[in-house]
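Under the numbering used here, the residues of the sequence shown are numbered 9 to 339, in order.
Ideal Cβ positions, reconstructed from N, Cα and C, are used throughout, including at glycine.
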Amino acid sequence: MTDKCADLPVLSVKHLSIYFGGRGHAGLQVVNNVSFEVRAGEIVGIVGESGSGKSQILLSIMGLLPDGGRAAGSVRLLGREILGLPQSDLDGLRGAAMSMVFQDPMTCLTPHLRISRQMTEVLVRHRGMTERAALSAAVRMLELVQIPDARHRIQFYPHEFSGGMRQRVMVATSLLCRPAVLLADEPTTALDVTIQAQLLKLFADIAAEFGTAILIVTHDFGVVSELCDRIVVLYGGAVMETGLAPDIISDPQHPYTRGLLAAMPGLHQTPGTQLFTIPGQILPGANRPGCPFCQRCTDKIPVCATERPVLRAGSGRHIACHVAGRAEVVA
Ligand SMILES: Nc1ncnc2c1ncn2[C@@H]1O[C@H](COP(=O)(O)OP(=O)(O)OP(=O)(O)O)[C@@H](O)[C@H]1O
Ligand SMILES: [Mg+2]
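In structure tokens form, the structure reads like this:
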């Protein structure tokens with residue numbers, strides 16, 4: 009990775025909105041005007057509760073929104089606009105320039121095919137390799153993600169691996185073509201704590217070694233605090249707060265971020281004490297007036313119910329809040 013490369017956003021998402029049903033901008037809006045960038049070697053975390061729109065953001069980047077889903081805005085991969093590209097063009101990018109790993113590895117591994125076949129197929133298709141060259145490249149990739157005895161185990165079927173090992177196989181498969189961007193949707197949620205820590209280290213190694221831009225979505229602030237350089241805090245489909253991970257974790261400003269962090273054992277709380285949970289639940293429909301978090305916010309003032317706060321700079325990060333960081337607003 010060159011210095012020049014490190015300065016260019018590999019993935020640039022601007023004003024992304026996602027709708028289900030209806031036409032044009034009608035229908036249910038589940039993501040509202042979300043913007044962020046991921047640079048080479050950087051790990052950005054999107055964190056938010058269930059239903060906040062995390063998965064739909066990743067799926068829209070991959071061009072894999074479910075039926076009835078529509079995305080508006082811009083997604084640039086290495087400077088090229090990819091939102092709305094025909095499926096045939098996206099097929100050429102998926103698994104090559106961008107890859108995605110899921111919470112459940114069986115989402116992308118085929119149960120009745122040996123891992124060798126699944127991995128070599130990617131290299132033969134996207135890289136035009138011979139079977140033989142593809143097999144040795146696949147073994148090397150399994151070794152890189154620390155699958156013991158990879159030369160032998162590459163002939164296993166997916167069910168012959170443990171859950172943690174299957175995740176590693178999926179990560180290895182997603183990395184075969186050295187994608188510029190790796191998208192990960194809750195990749196560690198189903199794993200026990202030790203395996204989770206190993207997988208997080210693997211992501212950090214991949215970003216550092218290959219310069220891969222990694223975008224990881226999670227509802228777990230523990231994951232972002234361990235792994236991420238920058239954080240996007242999402243609520244009701246909108247960005248509430250975004251900035252450098254250490255800044256946000258040491259000094260959360262948005263009432264929602266403060267609530268999420270208070271719910272995290274070990275960060276702002278003595279382990280073993282009662283976890284704080286934010287009362288209420290996420291309401292669907294990111295196109296309602298006012299702040300999406302208003303109903304659950306303890307700091308709200310009257311304007312929060314009627315006017316959507318815009319994302320503005322303050323305290324070394326960006327916050328969308330009528331109350332938080334007001335004194336330090338610079339733009
Ligand atoms: N096919 C669909 N049709 C209509 N609405 C949908 C569809 N898929 C998702 N949604 C809605 O989009 C919103 C965001 O969903 P999304 O799956 O992105 O949430 P998430 O943040 O990934 O949640 P989780 O942590 O549970 O995975 C939710 O309100 C959900 O109900
Ligand atoms: Mg999800």
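Residue i (DSSP reduced to helix, strand or coil)
{"i": "G29", "result": "coil"}
{"i": "I224", "result": "strand"}
{"i": "G298", "result": "coil"}
{"i": "T281", "result": "Low local confidence applies: a pLDDT of 48 at T281 is under 50, so the model's placement there is unreliable, and no value is given."}
{"i": "T265", "result": "helix"}
{"i": "V231", "result": "helix"}
{"i": "F164", "result": "coil"}
{"i": "L66", "result": "helix"}
{"i": "L19", "result": "strand"}
{"i": "F326", "result": "The residue asked about is misnamed: residue 326 is His in this sequence, not Phe. Three-state DSSP puts H326 in a strand."}
{"i": "V331", "result": "coil"}
{"i": "M248", "result": "strand"}
{"i": "V318", "result": "coil"}
{"i": "F110", "result": "coil"}
{"i": "A142", "result": "helix"}
{"i": "V153", "result": "coil"}
{"i": "A216", "result": "helix"}
{"i": "S43", "result": "strand"}
{"i": "R304", "result": "helix"}
{"i": "G76", "result": "coil"}
Environment of residue i [buried if 16+ CB atoms lie within 10 Å]
{"i": "L19", "result": "buried"}
{"i": "R325", "result": "buried"}
{"i": "G87", "result": "exposed"}
{"i": "T128", "result": "buried"}
{"i": "T314", "result": "exposed"}
{"i": "Q64", "result": "buried"}
{"i": "V318", "result": "exposed"}
{"i": "G267", "result": "buried"}
{"i": "V201", "result": "exposed"}
{"i": "G322", "result": "buried"}
{"i": "S107", "result": "buried"}
{"i": "G187", "result": "Inspection of the sequence shows that residue 187 is occupied by Pro rather than by Gly. Counting Cβ neighbours within 10 Å, P187 comes out buried, since at least 16 surround it."}
{"i": "H330", "result": "buried"}
{"i": "T115", "result": "exposed"}
Cβ separation of residue i and residue j, assumed to be a contact under 8 angstroms, to the nearest whole Å
{"i": "I257", "j": "S233", "result": "5 angstroms"}
{"i": "P74", "j": "V46", "result": "Actually they are not in contact, since the Cβ atoms of P74 and V46 sit about 24 angstroms apart, beyond 8 angstroms."}
{"i": "D193", "j": "V231", "result": "Incorrect: roughly 12 angstroms between the Cβ atoms, too far for contact."}
{"i": "V147", "j": "I162", "result": "6 angstroms"}
{"i": "G81", "j": "G245", "result": "With a Cβ gap of about 12 angstroms, G81 and G245 do not count as contacting."}
{"i": "D237", "j": "L252", "result": "7 angstroms"}
{"i": "V189", "j": "A221", "result": "5 angstroms"}
{"i": "D112", "j": "A198", "result": "7 angstroms"}
{"i": "E149", "j": "L183", "result": "According to the sequence shown, residue 149 is Met rather than Glu. Indeed, because the Cβ distance is near 6 angstroms, the residues count as touching under 8 angstroms."}
{"i": "V55", "j": "V21", "result": "16 angstroms between Cβ atoms; not a contact."}
{"i": "G298", "j": "R316", "result": "6 angstroms"}
{"i": "L85", "j": "L101", "result": "7 angstroms"}
Cβ neighbours of residue i in the same chain (closer than 7 angstroms, five flanking residues each side left out)
{"i": "H1", "result": "Because the chain in this structure spans residues 9 to 339, residue 1 falls outside the shown range and cannot be described."}
{"i": "M9", "result": "Residue placement at M9 is poorly supported in this model, since its pLDDT is 42, which falls under 50; the coordinates are not used for a value here."}
{"i": "L93", "result": "G71"}
{"i": "T278", "result": "In this prediction, T278 has a pLDDT of 47, which is less than 50 and means its spatial position is unreliable; nothing more can be read from the coordinates."}
{"i": "F169", "result": "V177"}
{"i": "T196", "result": "Q204, L207, L208, V231"}
{"i": "T281", "result": "Model confidence at T281 stands at a pLDDT of 48, short of 50, so the residue's coordinates are unreliable and nothing is read from them."}
{"i": "L143", "result": "S124, T128"}
{"i": "V130", "result": "G103, T181, L184, C185"}
{"i": "D255", "result": "G324, R325"}
{"i": "G171", "result": "A198, L199"}
Neighbourhood of residue i by C-beta distance below 6 angstroms, restricted to the same chain and skipping five residues each side
{"i": "F301", "result": "Y243, Y264"}
{"i": "M248", "result": "V241, H262, Y264, A328"}
{"i": "C305", "result": "P263"}
{"i": "G53", "result": "I224, V232, C236, I239"}
{"i": "G110", "result": "The sequence given here has Phe at residue 110, not Gly. Hits under 6 angstroms: D193."}
{"i": "A332", "result": "Q261, H262"}
{"i": "F44", "result": "V21, V240"}
{"i": "I286", "result": "G267, R304"}
{"i": "I51", "result": "A215, I222, L235, C236, D237"}
{"i": "V311", "result": "H330"}
Cβ shell of residue i (< 8 angstroms), same chain only, five flanking positions each side left out
{"i": "T138", "result": "V132"}
{"i": "F164", "result": "R122, I123"}
{"i": "L117", "result": "I123, Q126, P166, R174, V177, M178, T181"}
{"i": "S68", "result": "L24, I26, V39, G77, A79, V83, L91"}
{"i": "L98", "result": "M70, G71, I90"}
{"i": "L210", "result": "V153, Q154, R176, V179"}
{"i": "H120", "result": "Y165"}
{"i": "A141", "result": "L131"}
- Counting Cβ pairs, one atom from each stretch, are 3 or more of them under 8 angstroms apart for the region 152-161 and the region 75-88? no
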